[in-house]
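K.L.:
The structure that follows is given in the form of structure tokens.
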Amino acid sequence: SAPAPPAAAAPRVPFHCSECGKSFRYRSDLRRHFARHTALKPHACPRCGKGFKHSFNLANHLRSHTGERPYRCSACPKGFRDSTGLLHHQEAKQALEELEEGQCDWSTEKQKVWLRRSLESAGPWKYSCRPHW
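The numbering used here puts the sequence shown at residues 89 to 221.
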């Protein structure tokens, strides 16, 4: 009989979290993960002192002080501090277009008004429910 094929080597994950046991391939991933288990927020805003666990969250927060809105909608002049705000705006815009074109049966006038108001608001989508689009 033919010899059995060699078993696939398991990926090496030499770095283990001492709190939850989760394993990581790279030490940097373990360090980033470990912040979840601590209250440490090493990235502090130089303007207001608010702390953040991750530097990218501090970068987004700093835009609240500067007014910078680098994420621009390609269909209108609105800008957003972060990509999530832009994504929520685009989802609401798409839903409104589908309603107005009759592509969706979720189309009472009250619901159209609700969507328009969400598009006019400054922040991201504020509602826990989502229509089916």
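Every residue gets a Cβ at the ideal spot worked out from N, C-alpha and C, and that includes glycine.
Return the chain-ordered list of same chain residues with a C-beta closer than 8 Å to the C-beta of residue 108, the five sequence neighbours on each side being excluded.
P.N.:
The beta carbon of residue 108 lies closer than 8 Å to those of 125 in the same chain, with the five residues before and after it left out.
K.L.:
Quick one: give me the first and last residue of the alpha helix (DSSP H) that residue 146 is part of.
P.N.:
For residue 146, the uninterrupted alpha helix (DSSP H) segment begins and ends at 143-154.
K.L.:
Would you kindly work out how many angstroms separate the C-alpha atoms of residue 216 and residue 91, rounded to a whole number?
P.N.:
Because the pLDDT at residue 216 is just 49, under 50, the model does not fix this residue reliably, and the value given afterwards should be weighed accordingly. For residue 216 and residue 91, the distance between alpha carbons rounds to 57 Å.
K.L.:
DSSP on residue 132, reduced to helix/strand/coil?
P.N.:
strand
K.L.:
With 16 as the cutoff for other CB atoms within 10 Å, does residue 183 come out buried or exposed?
P.N.:
buried
K.L.:
Got a sec? Which residues, its chain only, sit under 6 Å from residue 141 by beta carbon, not counting five neighbours each side?
P.N.:
123 and 129, listed in sequence order.
K.L.:
Less than 8 Å separating the beta-carbons of residue 101 and residue 119?
P.N.:
no
K.L.:
For residue 169, list the residues DSSP reports as bridge partners.
P.N.:
DSSP, once it has assigned bridges, lists no residue as partnering residue 169.
K.L.:
Going straight from the alpha carbon of residue 150 to that of residue 175, what length do you get?
P.N.:
20 Å
K.L.:
Per DSSP, which one or two residues make a beta bridge with residue 159?
P.N.:
168
K.L.:
Here's a check: name, in chain order, each residue in its chain whose Cβ is nearer than 8 Å to the Cβ of residue 143, leaving out the five neighbours to either side.
P.N.:
131
K.L.:
How is residue 116 classed by DSSP in three states: helix, strand or coil?
P.N.:
helix
K.L.:
Taking all protein chains shown into account, decide if residue 160 is buried (16 or more other Cβ within 10 angstroms of its Cβ) or exposed.
P.N.:
exposed
K.L.:
Figure out for me which residue from 145, 133 and 105 has the closest Cα to the Cα of residue 172.
P.N.:
145
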